[in-house]
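For the sequence shown, this note's numbering gives the first residue as 2, with consecutive numbering after it.
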Amino acid sequence: MWYKPSHWALEPAASSLAPPGKERWSNKDMDPVPPHLRTWSTRNYVAYWISDATNTAVWELASSMLAVGLSWRQALPAIAVGHVIIAIVTVLNGTIGARLHIAFPVINRSSFGFWFSYFSVVSRVILAMFWYGIQTYTGSECVYQMLKAIWPGTARIPNHLPEGANITTVGMMTYLLYWLFQFPFMLVSPQKIRHLFMVKAFIVPCAWLAILIWAMVKAPPSVSLQPKHAEISGSALSWAWLSALNSALGIYATLAVNVSDFTSQYVQLFIIPTVFTLIGFVGIAVTSAGEVLYGETLWDPLKLIDRWDNRAAAFFAAFSFFVATLGTNISANSLSAANDMTVLFPRYINIRRGQIICAILGGWALCPWEILATAPDYTVFLGPFAGIMYWFVHKCKVDLRAMYDPHGRYRYWNGINWRAVVALLCAVPPSFPGLIYSVNTSIYPGNVSHVFDIAWLYGFFTASTVYWTLSKVFPPLETFVDDDHENLEVTSATASLDLKNGTGDEKVVVSSVNHV
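So this is what it looks like as structure tokens:
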């Protein structure tokens with residue numbers, strides 16, 4: 002019967018790396034990507050990063066820095082430095098994915114242990130669903146501006162929802178329309194979705210360049226970007242700048258952790274800081290022009306578009322943000338959540354089913370309009386996850402098949418790497434007072450709240466340092482790959498993973514030393 006769990010169980014993949022009788026640890030979508038499905042070229046990866054940079058959240062991040070009192074000359078370096086750091090972390094975390102062609106949840110087992118890895122995976126699923134809902138809500142605002150440009154009467158549709166709902170009738174209508182339009186893209190495979198990123202990488206930058214030109218014509222840079230008297234100074238300025246840097250880091254903290262889901266060689270090391278800083282400048286320049294034209298800091302670009310009298314310009318500008326949000330939501334949120342859910346329930350969930358679940362739970366159950374009404378900063382949880390990885394401890398050498406064996410070398414203590422637990426306990430709790438204050442300003446914990454202003458930096462470096470130190474003092478010798486084993490490179494030419502070493506034990510050992 003359809004309602005029985007057995008009806009929804011997936012057929013075990015013949016190529017699964019999980020040991021016999023342990024199929025719960027893998028399915029086809031968790032196995033290394035076979036050579037014939039590695040269809041992304043360097044051009045696709047460049048388009049992907051351009052696509053991800055042309056994101057409404059990146060625009061709003063840059064322009065919102067002006068709203069807290071920073072000048073554009075102070076805000077732009079924060080964006081640049083933040084994305085240089087993100088680029089480095091992305092490359093370090095992405096190397097193993099580029100070598101083995103496996104996703105973050107599988108890699109995570111080698112650092113956290115099989116059972117404790119679920120903690121970070123579940124945390125990332127929840128966060129990805131939150132962001133999926135928030136981005137969907139942003140997309141619905143784009144739909145509203147497009148409909149308003151075609152039918153101005155859209156703005157006069159009466160509201161029949163209570164004020165406490167934090168959303169209006171027309172807002173709910175446009176949210177449903179965007180969700181329905183977005184849903185079919187959830188059914189497209191990761192190999193084919195690259196075409197959407199190619200389209201977005203062309204349409205959105207062209208449209209945003211046009212908006213930038215409009216802003217500079219209406220309010221020349223000599224006026225809009227004219228240095229102003231600092232609104233804040235001293236320690237307040239220092240903490241505001243560090244908070245801006247933390248925001249720049251946090252906006253792509255999830256992707257820095259799970260970059261192995263979308264990994265290339267090292268193209269992101271150059272693309273990320275360059276493109277994201279340029280987009281940040283566009284957001285700052287347009288927001289500064291809007292401040293001259295309308296007398297207020299409109300850091301939300303859709304609120305700026307709402308002021309335009311030219312309906313055609315408003316429609317096409319809103320459409321560019323519509324496309325921008327669509328591509329970002331699929332790559333950074335939907336696919337990330339789906340990859341993680343395949344690890345949590347590999348017998349029942351593949352990537353397509355995971356994306357459908359994300360669309361339903363993230364799109365509706367979490368009520369993103371409520372999140373935006375009372376949204377704290379969740380990057381406090383993400384810095385440590387990026388720090389606890391394999392690079393310095395395992396020296397880029399891992400046992401691929403052991404990542405699918407719950408009784409293999411990455412079992413640690415009952416499936417838990419206690420070093421990772423200690424690292425998290427050192428990194429996360431100190432940020433809690435500031436997190437609480439961001440939710441309830443009536444509870445002021447004092448200067449300790451500033452730790453939350455640098456939550457990503459503090460969490461990343463603290464967790465990484467503690468994890469590395471404990472691994473050196475108490476090395477997990479059972480997880481180290483013996484150099485006496487035959488090292489086998491997993492490349493695009495490798496057609497099979499059923500390889501044997503000289504002792505006859507099936508083992509795939511990968512060294513990334515020559516990849517650096």
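All C-beta atoms, glycine included, are put in the ideal place defined by N, C-alpha and C.
Using the Cβ count rule (16 or more neighbours within 10 Å means buried), how would you classify residue i?
i: T375; result: Here T375 scores only 49 on pLDDT, less than 50, and its place in the model should not be relied on; the value that follows carries that caveat. Per the 10 Å Cβ criterion, exposed.
i: K149; result: buried
i: A129; result: buried
i: S443; result: exposed
i: H102; result: buried
i: G505; result: Any answer about G505 is weak, because its pLDDT of 36 lies below 50 and its placement is not dependable; what the coordinates show is given next. It is exposed - the Cβ of G505 has fewer than 16 other Cβ atoms within 10 Å.
i: A403; result: buried
i: P430; result: exposed
i: I526; result: This structure does not reach residue 526, given that the chain is present from 2 up to 517, and the question cannot be answered.
i: F131; result: buried
i: Y449; result: Looking at the sequence shown, residue 449 is not Tyr but Val. The residue is exposed, with fewer than 16 neighbouring Cβ atoms inside 10 Å.
i: A1; result: The shown model of the chain, from 2 to 517, leaves out residue 1, and the question about it has no answer.
i: E487; result: The predicted model places E487 with a pLDDT of 37, which falls under 50 and marks its position as unreliable, so this point remains unresolved.
i: Q183; result: buried
i: N441; result: exposed
i: R100; result: buried
i: A456; result: buried
i: L226; result: buried
i: D32; result: buried
i: A496; result: Only weak support exists for where A496 lies, its pLDDT of 33 falling under 50; the value from the coordinates is given anyway. Looking at its Cβ environment, which holds fewer than 16 other Cβ atoms inside 10 Å, A496 is exposed.
i: L210; result: exposed
i: L94; result: The residue asked about is misnamed: residue 94 is Asn in this sequence, not Leu. N94 is buried by the Cβ-count criterion.
i: W73; result: buried
Under 9 Å between the Cβ atoms of residue i and residue j?
i: A54; j: V200; result: no
i: M342; j: G355; result: yes
i: R353; j: L188; result: yes
i: I80; j: L67; result: no
i: G134; j: L425; result: no
i: A333; j: I358; result: no
i: F462; j: L436; result: no
i: I89; j: I97; result: no
i: I127; j: L336; result: no
i: F1; j: N340; result: Any property of residue 1 remains undetermined from this structure, which presents the chain solely from 2 to 517.
i: V399; j: S111; result: yes
i: Q75; j: W242; result: yes
i: I151; j: F323; result: no
i: L246; j: V82; result: yes
i: A48; j: W180; result: no
i: N330; j: Q192; result: no
i: P302; j: T57; result: yes
i: I87; j: I272; result: no
i: T1; j: L178; result: Summary: the structure shown does not reach residue 1, with the chain confined to residues 2 through 517, and so no result is reported for it.
i: T91; j: L270; result: yes
i: I212; j: S321; result: yes
Report whether the distance from the Cβ of residue i to the nearest heavy atom of the ligand HEM is below 8 Å.
i: H102; result: In the structure on display, the ligand HEM does not appear, and there are no ligands present to speak of.
In the DSSP assignment, what residue or residues form a beta bridge with residue i?
i: D307; result: Paired residues: none, contrary to the question.
i: I417; result: W414
i: K473; result: Answer is none; K473 lacks a bridge partner.
The alpha helix (DSSP H) with residue i in it runs from where to where?
i: K201; result: 195-219
i: E142; result: 118-151
i: W50; result: 43-54
i: T155; result: Where T155 is concerned, there is no enclosing alpha helix (DSSP H), given that its DSSP letter is neither H nor E.
i: Y176; result: 170-183
i: F453; result: 451-454
i: E61; result: 57-68
i: P222; result: 222-225
i: L327; result: 312-329
i: M342; result: 336-345
i: L250; result: 235-251
i: W365; result: Note, W365: premise wrong, no alpha helix (DSSP H); not H, not E.
i: W73; result: 73-101
i: N167; result: First-last for N167: undefined, no H or E at that position.
i: Q356; result: 352-361
i: N109; result: 105-113
Provide the residue span of the beta strand (DSSP E) that contains residue i, from first to last.
i: K398; result: 398-400
Open item on the list: With three or more beta-carbon pairs closer than 8 Å as the criterion, would you say the stretch 405-424 touches the stretch 460-479?
Closed with: Taking one beta carbon from each stretch, the stretch 405-424 and the stretch 460-479 have 3 or more pairs nearer than 8 Å; the two touch.
Task: contact_flag[the stretch 407-418, the stretch 110-121] where n(CB pairs < 8 Å) is 3 or more - done: As far as the Cβ criterion goes, the stretch 407-418 touches the stretch 110-121, which means the pair count is three or higher.
Open item on the list: Between the stretch 129-144 and the stretch 304-323, can you find at least three pairs of beta-carbon atoms closer than 8 Å?
Closed with: Touching, yes, given that three or more Cβ pairs across the two stretches are closer than 8 Å.
Task: the stretch 204-216 touching the stretch 278-290, judged by at least three CB pairs closer than 8 Å - done: Yes: the two stretches touch, three or more of their Cβ pairs being nearer than 8 Å.
Task: Three-pair Cβ contact test at 8 Å for the stretch 285-304 versus the stretch 211-220 - done: The stretch 211-220 and the stretch 285-304 touch, with three or more beta-carbon pairs separated by less than 8 Å.
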